[in-house]
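J.:
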Amino acid sequence: MAGNTEPERIEALVIGAGFAGLYLLHKLRGLGIPAMALEAGDGVGGTWYWNRYPGARCDVESMQYSFGFSEELQQAWNWSERFAAQPEILRYANHVADRLDLRRDISFKTRAVAAAWDAAAARWLVETDTGRRISARHLILATGCLSAARLPDIPGIADFAGRIYHTGQWPHEGVDFTGQRVAIIGTGSSAIQAIPVIAQQAAQLTVFQRTPNFSIPSRNGPMTEDYAESWKRDYPAKRAAARRMRTGILYNLSQTPAMSVSEAERRAEYERRWAAGGTAFMAAFSDLLTNREANDTAADFVREKIRGLVHDPEVAEILLPRNHPIGTKRICVDTAYYETFNLPHVKLVDVRNHPITRITPEGVEAGGAAHAVDCIVFATGFDAMTGTILAIDIRGRDGVAMREAWADGPRTHLGLMVAGFPNLFLITGPGSPSVLSNMIVSIEQHVDWVCDALAHLGRQGQGVMETTLKAQEDWVAHVNEVAHRTLYPQANSWYMGANIPGKPQLFMPYVGGVGTYRQICDDIAAQGYPGFAFT
Ligand code: N01
18 MAGNTEPERI
28 EALVIGAGFA
38 GLYLLHKLRG
48 LGIPAMALEA
58 GDGVGGTWYW
68 NRYPGARCDV
78 ESMQYSFGFS
88 EELQQAWNWS
98 ERFAAQPEIL
108 RYANHVADRL
118 DLRRDISFKT
128 RAVAAAWDAA
138 AARWLVETDT
148 GRRISARHLI
158 LATGCLSAAR
168 LPDIPGIADF
178 AGRIYHTGQW
188 PHEGVDFTGQ
198 RVAIIGTGSS
208 AIQAIPVIAQ
218 QAAQLTVFQR
228 TPNFSIPSRN
238 GPMTEDYAES
248 WKRDYPAKRA
258 AARRMRTGIL
268 YNLSQTPAMS
278 VSEAERRAEY
288 ERRWAAGGTA
298 FMAAFSDLLT
308 NREANDTAAD
318 FVREKIRGLV
328 HDPEVAEILL
338 PRNHPIGTKR
348 ICVDTAYYET
358 FNLPHVKLVD
368 VRNHPITRIT
378 PEGVEAGGAA
388 HAVDCIVFAT
398 GFDAMTGTIL
408 AIDIRGRDGV
418 AMREAWADGP
428 RTHLGLMVAG
438 FPNLFLITGP
448 GSPSVLSNMI
458 VSIEQHVDWV
468 CDALAHLGRQ
478 GQGVMETTLK
488 AQEDWVAHVN
498 EVAHRTLYPQ
508 ANSWYMGANI
518 PGKPQLFMPY
528 VGGVGTYRQI
538 CDDIAAQGYP
548 GFAFT
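Heads up, the sequence shown is in this note's numbering, so the first residue is 18 and it goes up one at a time.
1. Compute the Euclidean distance between the alpha carbons of A139 and R120, then round it to the nearest angstrom.
2. CB L336 to CB P234, shorter than 7 Å?
3. With a cut-off of 8 Å, do at least 3 Cβ pairs link the segment 498-509 to the segment 520-536?
4. Around the C-beta of S97, are 16 or more other C-beta atoms found within 10 angstroms, so that it is buried, or is it exposed?
5. Does DSSP put A19 in a helix, a strand or coil?
6. Between the beta-carbon of A110 and the beta-carbon of V61, is there less than 7 Å?
7. Check the C-beta distance from L270 over to A300 and give it rounded, since I have them as a contact under 8 Å.
8. Any heavy atom of the ligand N01 closer than 6 Å to the Cβ of C11?
9. Consult DSSP for A75 and reduce its assignment to one of helix, strand or coil.
10. Just grab the DSSP bridge partners of F549 for me.
11. Quick check on the DSSP output: what are the complete beta strand (DSSP E) runs of length 3 or more inside the segment 117-195, in order along the chain?
12. The ligand N01 and S206: does the residue's C-beta get closer than 6 Å to at least one heavy atom of that ligand?
13. Let me check understanding here. Comparing Cα to Cα, which of G295, F302, L222 lies closest to A285?
14. Give the secondary structure of S277 by DSSP, where H, G and I count as helix, E and B as strand, and everything else as coil.
15. Take every Cβ of the segment 162-176, pair it with every Cβ of the segment 141-152, and state whether three or more of those distances are shorter than 8 Å.
16. For Q226, report the span of its beta strand (DSSP E) as first-last.
17. When DSSP builds the beta bridges, which residues end up paired with H43?
18. Hey, would you say the C-beta of V481 is under 6 Å away from at least one heavy atom of the ligand N01?
19. In chain order, which continuous runs of the alpha helix (DSSP H) of length 4 or greater are located wholly inside the segment 209-273?
20. Taking only the alpha-carbon atoms, compute the straight-line gap between R167 and Y70 and give it to the nearest angstrom.
21. Is the Cβ-Cβ distance between V458 and R260 less than 7 Å?
22. Assuming I406 and A132 are in contact, meaning their beta carbons sit under 8 Å apart, how far apart are those beta carbons, in whole angstroms?
23. Can you tell which of P342, G35, A178 has the C-alpha that lies nearest to the C-alpha of P378?
24. Specify whether the segment 513-522 and the segment 318-338 touch according to this definition: at least 3 beta carbon pairs, one from each stretch, less than 8 Å apart.
25. Can you find a heavy atom of the ligand N01 that lies under 6 Å from the Cβ of W134?
26. Would you report the Cα separation of I174 and R375, rounded to the nearest angstrom?
27. In its own chain, which residues sit with a C-beta less than 6 Å from the C-beta of A37, not counting the 5 before and 5 after it?
28. Would a C-beta distance cut-off of 7 Å place F442 and V467 closer than the cut-off?
29. How long is the line joining the alpha carbons of F318 and M513, rounded to whole angstroms?
30. Would you tell me roughly how many angstroms separate the C-alpha atoms of V366 and G384, rounded to the nearest one?
31. Relative to the ligand N01, is the shortest distance from any of its heavy atoms to the C-beta of G62 smaller than 6 Å?
32. Report all residues from its chain with a CB closer than 7 Å to the CB of V130; omit the five preceding and five following residues, and keep chain order.
33. Please classify F438: does DSSP put it in a helix, a strand, or coil?
34. Quick check on DSSP: helix, strand or coil for A383?
35. Which runs of the alpha helix (DSSP H) at least 4 residues long sit entirely within the segment 284-362? Give them in chain order.
36. Does DSSP put P104 in a helix, in a strand, or in coil?
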């Protein structure tokens with residue numbers, strides 16, 4: 018009986034072997050803290066391991082979407098494109114794991130299912146789906162923010178006669194859509210990348226759109242030696258500058274409010290950024306996410322571009338995003354997304370007012386019409402930020418479940434710790450900049466902070482670190498207050514938990530900016546961790 022045997026013992030147990038888990042293992046090893054990681058997949062890479070859908074790529078430039086903690090590593094690796102595609106990012110994750118010899122501390126195909134704090138022993142007891150029991154002084158959740166893939170509650174999915182795919186759980190062997198009639202449900206970032214690529218193969222592609230999104234052309238292309246060199250000869254300084262930016266990405270962030278310049282100047286700036294491509298479009302003016310009038314000018318510009326790109330005015334009209342300020346749902350970045358709707362075999366179905374009612378064995382039913390298809394791609398997103406954490410039955414002090422503690426939405430101190438859950442650390446958790454930033458920059462900052470805290474704990478000769486409830490409540494209030502100074506809460510986004518029926522709605526990430534947030538975390542550490550108790 019597994020329950021009667023002594024659990025395995027380790028100092029630090031990491032859950033997940035994506036970029037956060039990998040860097041944690043490396044860093045903990047450097048500190049001399051025995052650590053191991055559990056990983057549900059059979060390989061490293063986290064989100065880049067699972068999201069293998071056609072067209073998957075990162076919309077942060079490759080030179081910046083990579084680890085900055087090691088000069089040798091960043092000099093050694095060569096990216097082939099301005100924005101790297103999923104297979105290349107996954108190769109990079111594998112390269113890091115090999116180069117740093119991390120695999121020997123990772124248990125693959127092992128999912129943590131429960132974790133309980135044993136106050137007497139001052140340790141976590143973690144159980145896995147393979148029946149292992151592991152006792153760890155510290156438990157670090159590097160579980161990712163967009164890993165709990167979600168199928169919508171549409172009746173009949175199980176009855177569909179063809180194949181069903183979710184972008185976030187794509188078959189490793191790939192999918193050949195040649196000659197197929199394909200349905201894709203959803204028009205978020207994943208769909209906007211997948212649609213143009215699937216359209217190249219499919220005999221017929223039907224896109225079911227509930228909410229149109231704003232998308233900016235990526236202007237992706239091969240990496241040039243000059244551009245790579247411009248980063249590599251100055252990497253440490255450039256990384257340091259990126260860490261102080263609002264998004265953790267080094268780009269031209271305007272300090273000028275949009276309405277302080279003439280319409281002609283505004284347009285020229287939008288045109289310049291549209292031509293340059295990528296998410297830096299949203300940095301055209303300083304107040305696009307705080308001033309609705311300013312935001313409208315950017316939104317109008319993009320809507321005009323969509324009208325220009327899509328030949329059929331009726332189709333263009335359906336594609337125009339109107340129900341949220343631009344940037345308040347994650348801005349999308351594409352390669353020929355809008356142009357794909359000019360192809361004769363690509364059809365757009367507006368399911369905003371006539372929702373999908375059911376999946377039948379033959380296809381998708383919406384607005385009283387039946388759409389016969391051979392396969393369905395669900396690009397319907399994730400139970401974001403909290404899904405993977407709450408999938409583990411976590412019990413803190415006095416057996417209190419994380420699910421109870423977060424019944425009204427996630428509450429954390431700095432997105433790093435939760436009151437009542439000692440020695441439990443979150444990497445890029447809710448309440449930190451996380452998904453609003455270059456994830457690798459935010460991951461490195463959190464891992465560094467957690468490891469510094471563990472080193473501090475060791476130096477004090479103490480074993481338990483915990484946030485105080487007061488500090489947590491102050492932080493939650495601050496996160497909320499800063500969010501409501503912006504336009505973000507105006508969108509029904511997954512940032513708000515709005516994509517999951519019944520999920521408490523509050524703005525989960527911290528919008529204060531990566532640089533500001535880093536300073537707050539650094540100050541707390543420098544002051545001996547006020548707001549945290551050590552015993
Ligand atoms: O998921 P989403 P995603 N009927 O939640 C629709 C990151 N990412 O996987 O908006 C019809 O954004 C839903 O409609 P609505 C990035 O942070 C990054 O695309 O709820 N439609 C929506 O259109 C991103 O934001 C990259 O009305 C239904 C779509 O499904 C995050 O991951 C690439 C429906 C879900 O969109 C998630 O993106 C990819 C229903 N019943 C992802 N249920 C890059 O770095 C849901 N939808 C480039």
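Heads up, the beta-carbon is just placed ideally off N, CA and C, and yes, glycines get one too.
T.: For this structure:
1. 28 Å
2. no
3. yes
4. exposed
5. Reliability of the predicted coordinates at A19 is poor, the pLDDT of 47 falling under 50, and no value is obtained from them.
6. yes
7. 4 Å
8. The displayed coordinates of the chain run from 18 to 552. Any statement about residue 11 would go beyond what the structure contains.
9. Note that residue 75 is Cys in the sequence shown here, rather than Ala. Coil, per DSSP.
10. T484
11. 129-135, 140-145, 150-158, 180-183
12. yes
13. F302
14. helix
15. no
16. 221-226
17. In DSSP, H43 forms no bridge with anything.
18. no
19. 242-249, 252-260
20. 15 Å
21. yes
22. At roughly 10 Å, the Cβ-Cβ gap does not stay under 8 Å, so I406 and A132 are not in contact.
23. A178
24. no
25. no
26. 8 Å
27. A159, I444, I460
28. yes
29. 26 Å
30. 10 Å
31. no
32. E144, T145, D146, I409, D410
33. coil
34. strand
35. 309-326, 330-336, 354-357
36. helix
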